[in-house]
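Following the numbering used here, the numbering of the sequence shown begins with 1012 at its first residue and continues without gaps.
Even glycine gets a Cβ: it sits at the ideal position worked out from N, Cα and C.
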Amino acid sequence: MLKRYSRFIWVSMAIAMLTIFLPNLSTAASAQLPPVVGGAQESQTTADSSQLVYGTISLNGRKLFDVSDRPSLAQKTRRHQTPLQQRIIQIESRLKQVITTEFNPKTLSITSKEYQGYTVLISSDLPPFQPIPIVEIAERDSQLYGQLISRLTPNAIERLKQILIKGYEELQPTYIHRQIRISIVIVGATIWVSVILLYVERLIKFRFKRNTQNQPRGADRELPLEDPNLDPRLSTPDRDLNQKEQKEIFRLQTQISHGLQLLIRNDLSPRIREQGCYGFFYFMEIAK
1012 MLKRYSRFIW VSMAIAMLTI FLPNLSTAAS AQLPPVVGGA QESQTTADSS QLVYGTISLN
1072 GRKLFDVSDR PSLAQKTRRH QTPLQQRIIQ IESRLKQVIT TEFNPKTLSI TSKEYQGYTV
1132 LISSDLPPFQ PIPIVEIAER DSQLYGQLIS RLTPNAIERL KQILIKGYEE LQPTYIHRQI
1192 RISIVIVGAT IWVSVILLYV ERLIKFRFKR NTQNQPRGAD RELPLEDPNL DPRLSTPDRD
1252 LNQKEQKEIF RLQTQISHGL QLLIRNDLSP RIREQGCYGF FYFMEIAK
């Protein structure tokens, strides 16, 4: 039994520690680009120039948005890289360049500018921040999302600004310290609940053992069964007590879990609630 709860504690601690490194999940209020149109194929290579192929841009392990397989601006393509691969690497490097540069999230702005037939999205801020072009919206991108460039650009600007601010905040010491504090709270709450459950389980087992010892033994225990008027269920005290023990443990687990859920809901961030609570109740089911 102790081994079972020890495994539960270790798994919960692992989930809590992951919150330090995993990026925040986007909320429902975040700006989103329209879904990719049907018929497009997610791939890094293509032999048919007319086929609409796309790849995904990622930052800090989080998928952000998709881009078409055509390079935005005329560039020399390396032998070991397709145009799509080269474009993905270029955009991701620009995103990393911006979030590792000191800027003010309140004054950061994303503007669009026409250049060589493409709509270029440029990040800018107050000096000494230098404007950095991030992504060029090509005609193939508008086909990918099924929207005109004029309609796609505003959504892309808002989405890109949120991505840069989120990525910048995740690199700040205050964010990391907050994640560590939240993880410590989750680990502490998990250990606290586990200790209480172990204590309750041992207490119930002790009472069960004491009640079993008080039952008649040998011939004296079987004597009442000779009376046909007695209820046959009286001959199974062990099973009845075992069922009561399981119900009592389940009831206490439910109450403690509900209290911990309220603590996380009121005091912790939505992402920690989503990861910590779901992981907690999942492993509570395993530990039963």
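Query	Result
Are I1099 and G1066 touching if we call contact CB-CB under 8 angstroms?	yes
According to the neighbour-count rule (16 or more other Cβ atoms, all chains shown, within 10 Å of its Cβ), is K1258 buried or exposed?	exposed
For a quick check, are the C-beta atoms of Q1154 and L1063 less than 8 angstroms apart?	yes
Please report the distance separating the alpha-carbon of S1123 from that of I1143.	12 angstroms
Would you kindly check if the distance between the Cβ of E1103 and the Cβ of T1130 is under 8 angstroms?	no
Which residues in the same chain as P1116 place their Cβ atom closer than 6 angstroms to its Cβ, once the five residues preceding and following it in sequence are excluded?	I1176
Going by CA-CA distance only, name the one from R1213, G1157 and S1120 that's closest to P1327.	No answer is possible for residue 1327: it lies beyond the span of the chain, which begins at 1012 and ends at 1299.
Can you check whether the CB of D1077 is closer than 8 angstroms to the CB of R1151?	no
Reducing DSSP to helix, strand and coil, say where D1077 ends up.	strand
Whole angstroms are fine: how far does the CA of L1171 sit from the CA of Y1210?	51 angstroms
What separation, rounded to the nearest whole angstrom, lies between the Cα atoms of K1216 and I1174?	54 angstroms
Look up P1144 in the DSSP assignment and say whether it is helix, strand or coil.	strand
What does the alpha-carbon distance come out to for the pair Q1108 and I1197?	34 angstroms
Please check the pair T1111 and D1136, which I expect to be a contact at CB under 8 angstroms, by giving their CB distance rounded to whole angstroms.	At roughly 14 angstroms, the Cβ-Cβ gap does not stay under 8 angstroms, so T1111 and D1136 are not in contact.
Under a Cβ-count criterion, where at least 16 other Cβ atoms within 10 Å of its own Cβ denotes burial, should T1185 be classed as buried or exposed?	exposed
In three-state DSSP terms, what is E1125?	strand
If we count the other Cβ atoms within 10 Å of its Cβ and call it buried at 16 or more, is V1206 buried or exposed?	exposed
Under a three-way DSSP split, which group does L1132 fall into?	strand
Assign T1067 to one of three DSSP states: helix, strand, or coil.	strand
Just confirm the distance between the C-beta atoms of F1300 and Y1156, as a whole number of angstroms; I'd bet it's less than 8 angstroms.	Not covered by the structure: residue 1300. The range shown for the chain is 1012 to 1299.
Measure from the alpha carbon of I1160 to the alpha carbon of each residue in Q1190, L1132 and I1187, then state which is nearest.	L1132
Am I right that L1106 and L1070 are in contact with their C-beta atoms under 8 angstroms? What's the rounded C-beta distance?	5 angstroms
Within 10 Å of its beta-carbon, does I1187 have 16 or more other beta-carbons around it, so buried, or fewer, so exposed?	exposed
Where do the N-terminal and C-terminal ends of the alpha helix (DSSP H) with A1167 fall, by residue?	I1160 to E1181
Output the distance between the C-alpha atoms of I1202 and R1221, rounded to the nearest integer angstrom.	29 angstroms
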